[in-house]
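Counting from 1, one number per residue, gives the positions in the sequence shown under UniProt numbering.
All C-beta atoms in this analysis are idealised placements derived from N, C-alpha and C, irrespective of residue type, glycine included.
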Amino acid sequence: MSLGSSTDSYPAFADIGLRENLGENLNQHKIIMVVLQSRGFPCVRDLSAELSQKLQCVNNVCVRFIFNIRRHDHISEYFLRLSWLRLQDRRLVHSLCLLYRIIHDSTPNYLTSRFTLLASHHNRNTRSQHNLLLSIPRHQTSLYSSSFSIAMALSWNSLPLEIKGSLSPQLFKISLV
């Protein structure tokens with residue numbers, strides 16, 4: 001794999017001198033590790049569309065940098081090669097992993113009161129008792145319907161039972177990806 005010598009096509013990396021510091025003979029694995037370490041994008045759900053698009057563009061530049069792809073070439077197959085998720089999917093995975101910890105480990109404490117299982121509302125023997133379904137509070141405004149509590153409860157309830165019933169957070173995350 002050739003990294004190329006010009007930093008003009010990657011101005012974000014030219015500013016920090018990343019290409020010069022890596023050298024020409026560095027293999028792809030090392031490049032991936034360097035870029036992964038610098039990908040500390042926030043995993044917040046309520047980003048504006050403009051900011052979310054800008055972060056996805058930076059993510060795309062990372063993929064183009066690794067594979068030395070021209071700007072107008074499609075990169076979807078390269079995301080698959082790297083086993084990287086798009087930022088929207090990445091945020092969803094991180095949020096669901098947090099929800100898994102909230103439900104199974106009751107941590108962090110300030111969030112556990114926001115989520116309750118349907119089975120804990122009554123003593124009747126129902127199908128939802130074994131499905132690990134979350135109750136969804138009534139909501140009338142669109143702002144509240146897009147909040148973490150509602151959006152994550154809906155996402156959680158749409159997961160298959162095999163994923164929700166994972167024995168550890170690591171297995172849960174692996175089964176999501």
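Alpha-carbon to alpha-carbon, residue j and residue i
| i | j | result |
| --- | --- | --- |
| residue 52 | residue 131 | 33 Å |
| residue 155 | residue 59 | 24 Å |
| residue 138 | residue 153 | 12 Å |
| residue 78 | residue 103 | 35 Å |
| residue 107 | residue 117 | 15 Å |
| residue 62 | residue 119 | 45 Å |
| residue 99 | residue 83 | 23 Å |
| residue 173 | residue 134 | 19 Å |
| residue 91 | residue 167 | 22 Å |
| residue 57 | residue 177 | 21 Å |
| residue 47 | residue 147 | 12 Å |
| residue 144 | residue 136 | 12 Å |
Helix, strand or coil at residue i [DSSP, three-state]
| i | result |
| --- | --- |
| residue 25 | Per-residue confidence for residue 25 stands at a pLDDT of 41, beneath the threshold of 50, marking its modelled position as unreliable; the derived number appears in the next sentence. Note: residue 25 maps to coil in three-state DSSP. |
| residue 161 | helix |
| residue 167 | coil |
Test item: CB-CB of residue i and residue j under 9 Å
| i | j | result |
| --- | --- | --- |
| residue 96 | residue 159 | yes |
| residue 265 | residue 81 | This structure does not reach residue 265, given that the chain is present from 1 up to 177, and the question cannot be answered. |
| residue 162 | residue 149 | no |
Chain C contact for residue i (CB, 9 Å cutoff)
| i | result |
| --- | --- |
| residue 153 | In summary, chain C is missing from the structure at hand, where a single protein chain is found. |
Quiz item: Enumerated in chain order, which unbroken segments of the alpha helix (DSSP H) with a length of 4 residues or greater are wholly contained in the segment 43-82?
Solution: 49-67 and 76-82
Quiz item: In chain order, which continuous runs of the beta strand (DSSP E) of length 3 or greater are located wholly inside the segment 83-154?
Solution: none
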